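Q: This is the structure I want to talk about, given as structure tokens.
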Amino acid sequence: MSSTYSACAEQVRRLHSAARQLEAQSRLLQLPPLAGREWFELLERKLLPQMTDDAFLVVAVVGGTNIGKSVIFNHLAGCRASATSPFASGTKHPVCLVPPDFAARYDLESIFRGFELHEWSQADAALEDHPEHRLFWRSSEVTPSNLLILDTPDIDGDVRVNWERADNIRRCADVLVAVLTQQKYNDAAVKQFFRKAAEEDKAVLIVFNQVLIPDDDSFWPIWLRTFCQETGVQPEFVYLAPADRRAAEENRLPFFVGQTSNQPHETCSLKNDISALHFREIKLRTLRGSLRSVLNPESGLPAYLTEIERRSAEFKSASDLLSTHQLAESKDWPSMPNSVVVQEVRLWWQQQREGWTKKVHDFYNAIGSGMLKPFSMLRNHWQGERTPPLEQYRQREWQTVLDTVESVYERLRWFAELGNPLLQPRIEKLLGGKSRVELLELLKTRHDLTDLEHEIRDLVAIEMEGFRQDSPQTFQFMKWIDHGAAAVRPVTSVCLFVTGFGPAGHAVHQVAASTVLQFAVDIAGGTVSAVAGESAISGAAATSAGFFEARFRRLHARFAAKRASWLARMLKEHLFGDLPDELQSATAVPHSETFQTMRETMGLLESSL
């Protein structure tokens, strides 16, 4: 095997592996499967198993209905190997004769992919109907050591399964013995079959069977010329077989060389002529022809890759449509009451005290609490017990959740009405799934179980630890908290976007980029960004009270974003499911490593041609 041929064989194996991987990755694109695509069938059933250093030929006897294919096959076999029938559509399954010990040296299943192989013991086994694609085989002492000879089902019958079996044989074969008659040389199905064979550069031998010699001497050249013009076939040899049923049944049918001169017809041995073919040249020719079909820009692998790119672009358009229109907007997402935030900041600060300082502060805090308790009891007696600030926040936030869910459903209905062929059925499925009432009941249960105090406490701890590391002015910040924080009440708006392709505005606050929804958080009067960090704070506000106010607003922004993240996760899990993730994955297929491997390997194979 030459180095070029060896490299080509390795590239074919690489291409097949990558094609299977790409098919799995492209599942979301909803493309037709690779199985059944002509280029892939050639890759898997011809190139992959037969690109070896062994020059054996697969010779298939093919043709239309009731034209004596099995007679020609028996002549090649040297015995009545295949049953013959005067009725149409006799052979239902292909049969194959292999040289002695061939099955021990080669994997027949890899050569005849798509068939269920059975050892052939009865001549009429191939005449029985079975839904499976069966291939019957047996060893023959008279078969040349490098020939596999097949008899095949009709290529023009009404039974579609026969067409599929004949197509599979065409892909596997190197040499086709085309059996034609006066009635079957110009049949549409026959011509279609051989057009594909010509495109794959198969070696073709033509046998005109049931010829009246010498009466048809002036007609068969016209049949031949018409057939070749209609199919593009350029036959290696042309033979004539006379109409002699008795000789055919007794396997003594003579074959004559097809020649247009007035010389007497010369008999020949069809089997000897096939055995004398230049095996390696024909093998390389048919493999090269199959490879050209695989790489055909209009119907082969390049067209498949273009199909993936086009389909992926459609998914990108659908994803962009979702992401460029916000699903919901809350103009004023509720802020955690300042009293709660201040209390948590002070609590954190108290936990940092140690030793004598801690004891003094704890003592006076206890005295202060005791002195204020009677006043609180008296106020509750005359004004009624006040709702705790955290509970007030919970109620306001739940109303925001209700408004947001309503906005999301309205937007989904709008998307469905746009008629996007990819989005519409998916959105309708979302709207027809879990009802809005069920979703709200679930959200209400989860919302009531949320420990808001724990969440704000954790966030304050994170912010204060970061602040302590970043700034030595913590003490001034605490003084500012004590005196001025109560006056700060930032207005927070939250916009929800789908899939992560959405706009990154001037005030984007991405807390949960891995969730289905991203959200922009805008704090009126002091916009900050968690992504940009301190650089988002203007220079004018970076000192003194402006700086501390910005830090306080940032804490509010982060908490609002965290709560919006909770809602985003709930909507992903219980409403959107995998839809946005699938859209993103589908758009990424043409940029995958597997796709690039396919392109690279395709280029190498094209250069080898």
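Under numbering that gives the first Met the number 0, the residue at position 418 of the sequence shown is numbered 417, and the numbers go up by one with no gaps.
We treat Cβ as the ideally placed atom computed from N, Cα and C, and that holds for glycine.
These numbers were taken from a predicted model, which means no experiment stands behind them.
#1: Whether or not the region 428-442 and the region 573-584 are in contact is what I'm after, with contact meaning three or more pairs of Cβ atoms, one per stretch, closer than 8 Å; do they touch?
#2: At the level of alpha carbons, what is the spacing between glutamate 115 and glutamate 108?
#3: Could you check what DSSP says for cysteine 267 in three-state terms: helix, strand or coil?
#4: Examine the Cβ distances between the region 167-187 and the region 96-106 and report whether three or more of them are shorter than 8 Å.
#5: Out of curiosity, what's the CA-to-CA distance linking arginine 345 and arginine 456?
#6: Going by DSSP in three states, tryptophan 119 sits in which element: helix, strand or coil?
#7: Mark lysine 330 as exposed unless 16 or more other C-beta atoms lie within 10 angstroms of its C-beta, in which case mark it buried.
#8: Look up isoleucine 110 in the DSSP assignment and say whether it is helix, strand or coil.
#9: Sorted by chain position, which residues of the same chain lie with C-beta nearer than 6 Å to methionine 463's C-beta, five sequence neighbours on each side aside?
#10: Quick check on asparagine 271: buried or exposed, where buried means 16 or more other Cβ atoms within 10 Å of its Cβ?
#11: In this structure, does DSSP put arginine 568 in helix, strand or coil?
#12: According to DSSP, simplified to helix, strand and coil, what is leucine 294?
#13: In angstroms with no decimal places, state the Cα-to-Cα distance between glutamine 258 and proline 130.
#14: Is the distance from the Cβ of lysine 201 to the Cβ of leucine 223 below 8 Å?
#15: Which same chain residues end up closer than 7 Å to threonine 586 when comparing Cβ atoms and leaving out the 5 residues on each side of it in sequence?
#16: Which residues mark the beginning and the end of the alpha helix (DSSP H) in which tyrosine 105 is found?
#17: Report the rounded CA-to-CA distance for glutamine 423 versus leucine 28, giving the unit in angstroms.
#18: Going by beta-carbon coordinates alone, are threonine 142 and leucine 96 separated by less than 8 Å?
#19: Quick check on this structure: which residue in Leu252, Trp397, Ala34 and Val232 has the alpha carbon closest to the alpha carbon of leucine 566?
#20: Using DSSP with H/G/I as helix, E/B as strand and the rest coil, what is glycine 62?
#21: Rounded to the nearest angstrom, what separates aspartate 166 and proline 93 at their Cα positions?
#22: Out of Ser5, Arg26, Glu229 and Asp173, state which residue places its alpha-carbon closest to the alpha-carbon of leucine 204.
#23: Under the rule that 16 or more other beta-carbon atoms within 10 Å means buried, what is serine 217, buried or exposed?
#24: Nearest to methionine 335 by alpha carbon, out of Tyr105, Arg385, Lys561 and Leu304?
#25: Which whole-angstrom value is the C-beta distance of isoleucine 613 and alanine 188, which I expect to be below 8 Å?
#26: Cβ of tryptophan 38 within 8 Å of Cβ of valine 206?
#27: By Cβ distance below 8 Å, which residues in the same chain neighbour threonine 225 in space, the five residues on each side in sequence not counted?
#28: Would you call threonine 305 buried or exposed, if buried means 16 or more other Cβ atoms sit within 10 Å of its Cβ?
#29: Can you give, in chain order, each stretch of the beta strand (DSSP E) that sits fully within the region 122-202 and has at least 3 residues?
#30: So, using beta-carbon positions, are leucine 56 and lysine 282 closer together than 8 Å?
#31: Determine the DSSP secondary structure at leucine 276, reduced to helix, strand or coil.
#32: Where do the N-terminal and C-terminal ends of the beta strand (DSSP E) with phenylalanine 254 fall, by residue?
#33: Under a three-way DSSP split, which group does leucine 14 fall into?
#34: Please state if the CB of glutamate 308 and the CB of proline 31 are separated by a distance shorter than 8 Å.
#35: Would you list the one or two residues that DSSP bridges to phenylalanine 207?
A: Straight from the coordinates:
#1: yes
#2: Position 116 of the sequence shown, counted from the first residue, corresponds to residue 115. Position 109 of the sequence shown, counted from the first residue, corresponds to residue 108. Answer to the nearest angstrom: the Cα atoms are 8 Å apart.
#3: As a first step, residue 267 is located in the sequence shown; it is residue number 268 there, counting from the start. If DSSP states are grouped into helix, strand and coil, cysteine 267 belongs with the strands.
#4: no
#5: Numbered from its first residue, the sequence shown carries residue 345 at position 346. Numbered from its first residue, the sequence shown carries residue 456 at position 457. So the alpha carbons of these two residues sit roughly 11 Å apart.
#6: Against the sequence shown, residue 119 aligns to sequence position 120. Correct three-state label for tryptophan 119: coil.
#7: If you number the sequence shown from 1, residue 330 lands on position 331. Exposed is the call here.
#8: Indexing the sequence shown from 1 puts residue 110 at position 111. Helix, per DSSP.
#9: Walking along the sequence shown from the start, residue 463 turns up at place 464. Taken in chain order, the residues that qualify are Trp347.
#10: Residue numbering aside, residue 271 sits at position 272 when the sequence shown is read from its first letter. Looking at its Cβ environment, which holds fewer than 16 other Cβ atoms inside 10 Å, asparagine 271 is exposed.
#11: Residue mapping note: residue 568 aligns to position 569 of the sequence shown, counting from 1. Helix.
#12: For the purposes of this step, residue 294 is identified with residue 295 of the sequence shown, where counting begins at 1. Look at leucine 294 here: in three-state DSSP terms it is coil, with no helix or strand label.
#13: For the purposes of this step, residue 258 is taken as residue 259 along the sequence shown, with counting starting at 1. For the purposes of this step, residue 130 is taken as residue 131 along the sequence shown, with counting starting at 1. Cα to Cα, the separation comes out at about 43 Å.
#14: By one-based count along the sequence shown, residue 201 stands at place 202. By one-based count along the sequence shown, residue 223 stands at place 224. No.
#15: To locate residue 586, count along the sequence shown from 1; it is residue 587. If we look at threonine 586 and ignore the five residues flanking it on each side, its Cβ neighbours are Ser311, Phe314, Lys315 and Ser318.
#16: The residue you call residue 105 lines up with position 106 of the sequence shown. Here tyrosine 105 belongs to no alpha helix (DSSP H), and DSSP marks it neither H nor E.
#17: As a first step, residue 423 must be located in the sequence shown, where it is residue number 424. As a first step, residue 28 must be located in the sequence shown, where it is residue number 29. Straight-line Cα distance between these residues: approximately 15 Å.
#18: The residue labelled residue 142 in the question sits at position 143 within the sequence shown. The residue labelled residue 96 in the question sits at position 97 within the sequence shown. Yes, these two residues count as a Cβ contact at 8 Å.
#19: The residue given as residue 566 occupies position 567 in the sequence shown. The candidate whose alpha carbon is nearest that of leucine 566 is Trp397.
#20: Here the question's residue 62 lines up with position 63 in the sequence shown. Note: glycine 62 maps to strand in three-state DSSP.
#21: Along the sequence shown, read from residue 1 onward, the residue named residue 166 stands at position 167. Along the sequence shown, read from residue 1 onward, the residue named residue 93 stands at position 94. When rounded, the distance between both Cα atoms is 11 Å.
#22: Residue 204 sits at position 205 when you count from the first residue of the sequence shown. Among Ser5, Arg26, Glu229 and Asp173, the Cα nearest to that of leucine 204 belongs to Asp173.
#23: Your numbering for residue 217 matches position 218 in the sequence shown. By the neighbour-count rule (16 or more Cβ atoms within 10 Å), serine 217 is not buried but exposed.
#24: Sequence index remark: in the sequence shown, residue 335 carries index 336 (1-based). Per the Cα distances, Lys561.
#25: The structure shown does not extend to residue 613, since the chain is modelled only from 0 through 608, so no value can be given for it.
#26: Here residue 38 corresponds to residue number 39 of the sequence shown, with the count starting at 1. Here residue 206 corresponds to residue number 207 of the sequence shown, with the count starting at 1. No, the pair does not count as a contact, with Cβ atoms beyond the cut-off.
#27: Position 226 of the sequence shown, counting from 1, holds the residue named residue 225. Tyr184 and Asn185.
#28: Reading the sequence shown from its first residue, position 306 is the one you call residue 305. Flag for threonine 305 reads exposed.
#29: 133-138, 146-150 and 174-179
#30: Counting from one through the sequence shown, the residue named residue 56 turns up at place 57. Counting from one through the sequence shown, the residue named residue 282 turns up at place 283. Contact annotation: leucine 56 and lysine 282 have beta-carbon atoms nearer than 8 Å.
#31: Taking the sequence shown and counting its residues from 1, the one referred to as residue 276 is at position 277. Three-state result, leucine 276: coil.
#32: Translated into the one-based positions of the sequence shown, residue 254 becomes position 255. Looking at the DSSP string, the run of the beta strand (DSSP E) that includes phenylalanine 254 is 254-256.
#33: The residue you call residue 14 lines up with position 15 of the sequence shown. It is helical.
#34: Position 32 of the sequence shown, counting from 1, holds the residue named residue 31. Position 309 of the sequence shown, counting from 1, holds the residue named residue 308. Taking 8 Å as the Cβ cut-off, proline 31 and glutamate 308 do not qualify as a contacting pair.
#35: Counted from its first residue, the sequence shown places residue 207 at position 208. Paired residues: Leu179 and Leu239.
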